[in-house]
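Here is the structure we will look at, set down as structure tokens.
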Amino acid sequence: MAANTSQEYDSVIAVCKSLFLKKTKDYGTAWRILRPASITDQIFIKAQRIRTLEEKKISKVGEDITSEYIGIVNYCVIALMQLELTEEDPYELEFSKVEKLYDLYVQATKDLMFAKNHDYGEAWRDMRISSLTDLILMKILRVKQIEDNKGQTLASEGINANYQDMLNYAVFALIKLDVK
Numbered sequence: 000m001a002a003n004t005s006q007e008y009d010s011v012i013a014v015c016k017s018l019f020l021k022k023t024k025d026y027g028t029a030w031r032i033l034r035p036a037s038i039t040d041q042i043f044i045k046a047q048r049i050r051t052l053e054e055k056k057i058s059k060v061g062e063d064i065t066s067e068y069i070g071i072v073n074y075c076v077i078a079l080m081q082l083e084l085t086e087e088d089p090y091e092l093e094f095s096k097v098e099k100l101y102d103l104y105v106q107a108t109k110d111l112m113f114a115k116n117h118d119y120g121e122a123w124r125d126m127r128i129s130s131l132t133d134l135i136l137m138k139i140l141r142v143k144q145i146e147d148n149k150g151q152t153l154a155s156e157g158i159n160a161n162y163q164d165m166l167n168y169a170v171f172a173l174i175k176l177d178v179k
């Protein structure tokens, strides 16, 4: 099962990365202007839209749940990059650096997923997609609280770990939606 999970994960990430890199060619790294809280809010908007679509079953804008989960994956990668980049780093990053950073943060997040899958026995495979949406929304609320507390936690994981969890939940949803 683990080899299949790895292949499915990589297949989903390939779809997400392809779109991310195309948008990078179109727009450059305009996302560099976003503060971490703004990225969190972008993820919130996407997750909330998924939840609304899950409940109402009708989209009036045309974009479906799949595209929103892809957006969550890519915004989580952006968030992880932005947390590491500094004000000294240029707003416009070289394409090759963006691709390298994307791969770096996705690999670290995939490694985390395998560590958790070992402990949880791939329980996500038996979950409903709507539960993955709710978990992403809960993680967003946690990140917002940590951001409001200026990054300070007493007994909880930090912001990075929450973004990684959201990224993995979105990948799980995309695997369940059979994105390839």
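Just so it is clear: in the sequence shown, position 28 is 27 by numbering that gives the first Met the number 0, and no numbers are missing.
Note that beta-carbon positions come from the ideal geometry of N, C-alpha and C, so glycine has one too.
{"query": "Alpha carbon of Arg31 to alpha carbon of Leu111, nearest angstrom", "result": "25 Å"}
{"query": "Alpha-carbon to alpha-carbon, Ala172 and Met137", "result": "16 Å"}
{"query": "7 Å Cβ cutoff met for Ala169 and Ile42", "result": "no"}
{"query": "Nearest-angstrom beta carbon gap, Tyr68 and Ile38 [assumed within contact, 8 Å]", "result": "Contact flag wrong, Cβ pair sits at about 16 Å."}
{"query": "C-beta atoms of Val14 and Val178 nearer than 7 Å", "result": "yes"}
{"query": "Exposed unless 16 or more other CB atoms sit within 10 angstroms - verdict on Phe113", "result": "exposed"}
{"query": "Supposed contact pair Ile139 and Ala46 - C-beta distance, whole angstroms, cut 8 Å", "result": "6 Å"}
{"query": "Bounding residues of the alpha helix (DSSP H) (the contiguous stretch that carries Ala107)", "result": "Phe94 to Tyr119"}
{"query": "Coil, strand or helix - Tyr162 by DSSP", "result": "helix"}
{"query": "Minimum C-alpha distance to Val182 - residue among Lys175, Leu176 and Tyr162", "result": "Here the chain comprises residues numbered 0 to 179, so residue 182 is not present and cannot be evaluated."}
{"query": "Proximity test, Cβ basis, 7 Å: Ile139 and chain D", "result": "The chain labelled as chain D is not found in the depicted structure, where only one protein chain is given."}
{"query": "Between the CA atoms of Leu84 and Tyr74 - distance to the nearest angstrom", "result": "15 Å"}
{"query": "Whole-angstrom distance between Ile174 and Ser10, CA atom to CA atom", "result": "9 Å"}
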